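First comes the structure, then the notes that go with it.
In the working numbering, the protein residues as written are 16 to 237.
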């Protein structure tokens, strides 16, 4: 009995001593089930990274029963604690018609929250909403604004959309040279949108940007 009690105390002390990085390594090397108790212990301590990983485990059903309700609860908690990736995943959850949490207005507002905290993928998502008129009315100026924010953070898909807008004159003056500059790297990486824009508008013919330099972002961040 004493040995069992000692073992339980030892295990509890061991789990309390583990950092998030150590538990994360255990998950990657030994699997989710080995890391689960460590994440739960860190979650009790309001560790936002651990709460986020725990949410992803429940969301995917990795080694345990899938529980969307628990995942949503944990994502909200981690988001409130400042984890912007949780805010972004929460927004995607609200956007999914496959869950009981589907709510486009809440999804949009949550993407805005993540974007305002400088989450590049959230910025890219908002830009697409404004470009395509999804959830919100079309607004090409706002679309370009968010594409540029995402591009500056090396969210390279944003460059393909910027290239498309310059090639088509969508919300901006047409500028094939600038479209070339934004599409070139994506074309070389075989990004589908960049390849399509490059080929549809023969951007190889326009290697030089001869348009007026407007604003401070006329070529992509490398």
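Idealized CB from N, CA, C, for every residue including glycine.
Quick caveat, the model's predicted, so the values are computed rather than measured.
Check your understanding: If you draw a straight line from the alpha carbon of residue 88 to that of residue 68, how long is it in whole angstroms?
Key -> Each residue's Cα considered, the two are about 13 Å apart.
Exercise for review: With a threshold of 16 other CB atoms inside 10 Å of the CB of residue 140, please say whether the residue is buried or exposed.
Suggested key: buried
Exercise for review: Classify residue 66 as buried or exposed, calling it buried when 16 or more other Cβ atoms lie within 10 Å of its own Cβ.
Suggested key: buried
**Study point:** Residues near residue 163 in its chain [Cβ-Cβ closer than 6 Å; skip 5 each side]
**Key:** 232
Review point. Among residues of its own chain, excluding the 5 on either side of residue 119, which ones have a beta-carbon nearer than 6 Å to its beta-carbon?
Key: 150
**Study point:** Cα-Cα separation, residue 191 to residue 132
**Key:** Roughly 33 Å between the two C-alpha positions.
Check your understanding: If we ignore side chains and look at the alpha-carbon of each, how far apart do residue 39 and residue 122 end up?
Key -> 28 Å
**Study point:** Any alpha helix (DSSP H) of 4 or more consecutive residues that is wholly inside the stretch 53-88
**Key:** List check, alpha helix (DSSP H) in window: 63-75.
Check your understanding: Under three-state DSSP, which class holds residue 177?
Key -> Three-state result, residue 177: helix.
Review point. Can you tell which of 105, 181, 169, 221 has the C-alpha that lies nearest to the C-alpha of residue 159?
Key: 181
Practice item. Can you give me the Cβ contacts of residue 174 inside the same chain, cut-off strictly under 6 Å, excluding the 5 residues immediately before and after it? Key: 166, 197, 201, 235
Check your understanding: Does DSSP put residue 123 in a helix, a strand or coil?
Key -> helix
Point to revise | Alpha-carbon to alpha-carbon, residue 142 and residue 71 | key: 25 Å
Check your understanding: So which of 135, 57, 41 has the shortest CA-CA distance to residue 32?
Key -> 57
Practice item. Could I get the ranges of all uninterrupted alpha helix (DSSP H) runs contained in the stretch 176-209, with 4 residues as the minimum, in chain order? Key: 191-203
Practice item. May I ask which residues mark the beginning and end of the alpha helix (DSSP H) holding residue 102? Key: Per DSSP, residue 102 belongs to the alpha helix (DSSP H) from 99-110.
Check your understanding: Out of curiosity, what's the CA-to-CA distance linking residue 95 and residue 85?
Key -> 15 Å
Check your understanding: Can you give the Cα-Cα distance for residue 137 and residue 156, rounded to whole angstroms?
Key -> In a straight line, the C-alpha of residue 137 is about 17 Å away from that of residue 156.
Exercise for review: Have a look at 128, 125, 134, 179 and flag the residue whose alpha-carbon is nearest the alpha-carbon of residue 147.
Suggested key: 179
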